[in-house]
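One structure below.
There are 2 protein chains.
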Amino acid sequence: MATITDVAQAAGVSISTVSYALSGKRSIAASTRQRIMRAIDELEYEPNAGARMLAGARTNILALSAPLGPDGHLPTHMRFVTSVVEAARAHDYDVLLLATDDEVSGIRRAASRSLIDGVVIMGVATVDERVPLVRRLGLPSAFIGVPPGIDDMSCIDLDFDRAGRDAVAMLADAGHAAIGVIGHPHSYVDRDTNFIRRFTHGFDEECRARGVRTATQWPEIGRSGGQQAYDLLREQLPDMTALVFHCNEPIVEGALRRISELGLSIPGDLSVLAACASYAADELETPLSAIPLPLDEMCHSAVENALALVDALGHPKVTLIAPTYLDRGSIAAPKPAAHPA
Amino acid sequence: MATITDVAQAAGVSISTVSYALSGKRSIAASTRQRIMRAIDELEYEPNAGARMLAGARTNILALSAPLGPDGHLPTHMRFVTSVVEAARAHDYDVLLLATDDEVSGIRRAASRSLIDGVVIMGVATVDERVPLVRRLGLPSAFIGVPPGIDDMSCIDLDFDRAGRDAVAMLADAGHAAIGVIGHPHSYVDRDTNFIRRFTHGFDEECRARGVRTATQWPEIGRSGGQQAYDLLREQLPDMTALVFHCNEPIVEGALRRISELGLSIPGDLSVLAACASYAADELETPLSAIPLPLDEMCHSAVENALALVDALGHPKVTLIAPTYLDRGSIAAPKPAAHPA
DNA sequence: GCGCATTGTCGAAGCGCTTCGACGATCGTC
DNA sequence: GACGATCGTCGAAGCGCTTCGACAATGCGC
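Those protein sequence lines, which keep their order, are chains L and V. For the first sequence, the numbering used here assigns the number 1 to the initial residue and increments by one for each residue that follows. For the second sequence, the numbering used here assigns the number 342 to the initial residue and increments by one for each residue that follows.
Below is the structure:
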């Protein structure tokens with residue numbers, strides 16, 4: 001392993017000159033810089049991480065606090081994790097993965113050891129212990145998700161409220177007067193997960209404003225949960241002509257299967273919208289029109305937010321990403337005066 | 342942030358005494374040790390990671406090289422990642438996640454910066470560039486998976502060859518003479534993924550030894566791939582009475598759906614075995630008997646292997662975990678002289 | 001020409017810890 | 001009593017880097 005001293009000797013300068021050439025914090029003559037860079041290439045020099053951390057108080061490591069509970073949706077989780085790693089790499093940052101159940105102790109440990117420059121926090125609960133922790137630590141932090149009532153933190157999220165409204169508007173504009181919702185597993189709801197509340201709030205408000213009748217089922221996890229939820233919805237809302245999925249793909253698949261078993265066609269008999277979909281709604285057996293979850297954009301923004309705070313260039317801000325719409329033909333006007341579902 | 346100097350002052354000893362009390366590398370009087378530990382508690386001291394790395398050449402970070410290709414199975418991947426993180430935590434190690442496409446540069450970077458003590462490598466291809474890299478770097482490395490012809494590395498894996506043999510034996514013992522296989526997506530096979538070759542080798546050898554006829558389909562990714570694979574298998578092996586899945590759950594689900602559509606019952610008309618299942622085969626619509634992938638055991642062993650090499654306590658070894666069997670009633674004797682599938 | 005600002009480079013200090021070498025006190029054996 | 005081993009603790013060096021303060025040379029404006 002070549003050290004900075006080796007590079008300095010090879011380039012015929014002092015080690016501080018090498019350090020400045022790398023950091024750009026002082027002017028270096030072009031010819032000197034070239035000599036140094038050549039020496040670095042030839043010696044395959046990589047700065048020692050421990051020395052950099054100790055001397056410069058910058059580690060180039062972000063923690064990702066990504067607790068995976070027993071009911072977590074693995075594909076979505078993995079997508080988030082991967083996207084954060086990619087975004088961090090673009091800034092020469094590595095990601096230390098904190099995936100244990102007790103994420104508070106993970107953050108505390110890594111921060112207290114001065115091992116991380118900042119943290120990206122996902123899986124944000126309504127009352128999230130990580131908020132006061134990072135506040136107390138003064139740790140540059142970026143949330144993927146918005147804990148309610150928090151405005152002194154950097155948060156990025158889809159505008160779930162808007163998404164709920166848009167979902168209703170879209171279906172109401174197509175003529176639907178009775179819209180069912182299959183939501184996330186009730187275990188998420190029991191945990192008072194904030195994004196669900198925001199979506200539901202927007203959805204319900206828009207229904208009220210437009211005189212649309214609605215009912216929601218919070219299913220069990222898994223395909224059978226989706227099937228049962230659809231059956232229950234049909235009882236609750238017998239004239240339902242449109243269905244909104246605000247849940248992940250196993251539930252969606254279960255419900256779609258049930259719809260198919262009942263001989264209902266999409267969108268002929270039932271219009272379907274996948275709202276805030278983290279999955280590829282076009283790869284389902286029936287491709288669904290969707291309001292997609294802008295997962296990559298969220299992750300990239302979260303990393304930018306965290307690094308802005310690390311560099312003291314930014315201040316905490318809450319950013320909501322406007323929902324978009326992907327039309328895959330699963331929405332149409334309801335059949336006249338029929339009771340299709 | 343309290344430093345070791347603060348602790349030493351509070352305990353009335355030198356900083357080297359504090360260091361020895363923490364490391365246990367020199368004898369410390371019990372009363373002195375107590376004074377020190379009390380000071381550590383009161384000051385909430387955590388050692389500075391950079392200083393430890395620089396002074397002691399031990400980082401307490403393992404890298405996890407976990408490349409996720411475009412056809413990767415996200416749930417399985419996430420399970421592996423989580424399990425490695427958990428295993429590392431048990432040894433007070435954190436995990437640096439290298440999930441970028443070019444995993445060779447990730448390992449090289451982290452090692453060259455002396456940022457990691459070792460690396461756990463998953464997603465092992467038959468010809469894997471990471472093998473010569475870690476060999477050249479002399480980096481303590483543990484593979485989840487066995488690159489063929491490699492015996493100077495620490496590898497842990499299920500004994501896929503044995504699993505293939507056991508699958509045949511189990512079904513042949515129940516009386517099946519024609520067994521179909523739905524394997525992993527052909528894109529995996531195109532990549533010459535070694536665990537598939539080992540499973541297939543054991544499977545085919547055991548079929549030959551027992552005079553069992555067999556055919557294999559390598560489907561497209563996804564549910565429809567599973568459905569098509571099953572249909573093709575029925576054409577290839579019209580008297581097929583048993584089916585082995587050696588693939589992940591979307592394909593399994595697609596094939597199971599097709600089986601159900603054809604009005605076939607499991608195990609009455611068709612015996613089914615999930616081989617090397619990384620998913621919870623008991624949570625499928627039809628719970629399947631399975632040879633499970635011992636994912637957690639593999640990950641924990643890999644971490645142990647890596648740390649043994651870090652501590653220079655172990656030498657590279659290849660360990661194959663014997664397959665186990667979970668009976669969930671999806672295997673029975675074939676119907677006499679019928680052509681059920 | 002003089003003074004000030006900029007460019008370019010240097011040596012030294014020090015970040016927080018680990019570990020080496022040393023020393024004093026105590027104990028056990030001859 | 002003398003010697004060697006062990007226990008217990010210390011101060012100093014140094015790990016590889018960043019950054020401070022300083023200095024010399026050069027360029028520009030008055």
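Each residue gets a CB set at the ideal place from its N, CA and C atoms; glycine is no exception. Note that this is a predicted model, so its numbers are computed, not measured.
Each of His641/V, Thr665/V and Ala618/V was checked against the Cα of His525/V, and the nearest Cα belongs to Ala618/V. Proximity of His587/V to chain L, defined by a Cβ-Cβ separation below 8 Å, is not satisfied. Look at Pro47/L: its C-beta is under 8 Å from a C-beta on chain V. Assignment of Pro292/L by DSSP, reduced to helix, strand and coil, places it in the strand class. Of Thr5/L, Met1/L and Thr324/L, the smallest CA-CA separation from Ala167/L is found for Thr324/L. Residue environment for Gly106/L: buried (at least 16 other C-beta atoms within 10 angstroms of its C-beta). At a cut-off of 8 Å between C-beta atoms, Ala570/V does not count as an interface residue with respect to chain L. In the structure shown, the three-state DSSP call for Ile562/V is coil.
Ser271/L carries a strand assignment under DSSP once its states are collapsed to helix, strand and coil.
Per the DSSP secondary-structure output, Cys496/V pairs in a beta bridge with Phe484/V and Val659/V. Among the CB atoms of chain L, one or more fall inside 8 Å of the CB of Thr423/V. Less than 8 Å divides the Cβ of Ala466/V from the Cβ of Arg532/V. With a threshold of 8 Å between beta carbons, Leu438/V makes contact with chain L. Here Arg33/L carries a helix assignment [DSSP, helix/strand/coil]. Non-local beta-carbon contacts of Asp296/L in its own chain, meaning distances under 6 Å to residues more than five positions away in sequence, involve Ser83 in chain order.
Secondary structure note for Ala396/V: its alpha helix (DSSP H) is the uninterrupted segment Ala390 to Gly397. Counting only residues of its own chain and dropping the five nearest sequence neighbours on each side, His517/V has a CB closer than 6 Å to the CB of Thr582, Ala583 and Pro675. Under DSSP, Thr59/L forms no beta bridge with any residue. Around the beta carbon of Thr417/V, 16 or more other beta carbons sit within 10 angstroms, so the residue counts as buried. For a Cβ distance threshold of 8 Å, residue set Val426, Glu427 and Arg430 of chain V lies close to Thr100/L, ordered along the chain. Pro560/V sits buried, since 16 or more C-beta atoms from the chains shown fall within 10 Å of its C-beta.
Leaving aside the five residues that flank Glu249/L on each side, the residues in its chain whose CB is nearer than 6 Å to its CB run, in chain order, Tyr279.
Pairing Arg454/V with Gly56/L, the inter-Cα distance amounts to about 15 Å. The region 587–611 of chain V contains, as complete alpha helix (DSSP H) runs of 4+ residues, the segments 590–602 (chain order).
When secondary structure is reduced to three states using DSSP, Thr441/V falls in the coil class, being assigned neither helix nor strand.
Under the three-state reduction of DSSP output, Ile381/V falls in the helix class. When 7 Å is used as the limit between beta carbons, Ala621/V is near no residue of chain L, the shortest such separation being about 10 Å. Chain-ordered, the chain L residues with CB closer than 8 Å to the CB of Glu624/V read Gly222. Counting along the chain, the unbroken beta strand (DSSP E) around Gly459/V starts and ends at Gly459 to Ile462. With respect to Ala362/V, Ile345/V sits apart: the two C-beta atoms are not nearer than 8 Å. In this structure, the straight-line span from the alpha carbon of Arg198/L to that of Tyr188/L is close to 13 Å. By the neighbour-count definition (other C-beta atoms within 10 Å, threshold 16), Val468/V is an exposed residue.
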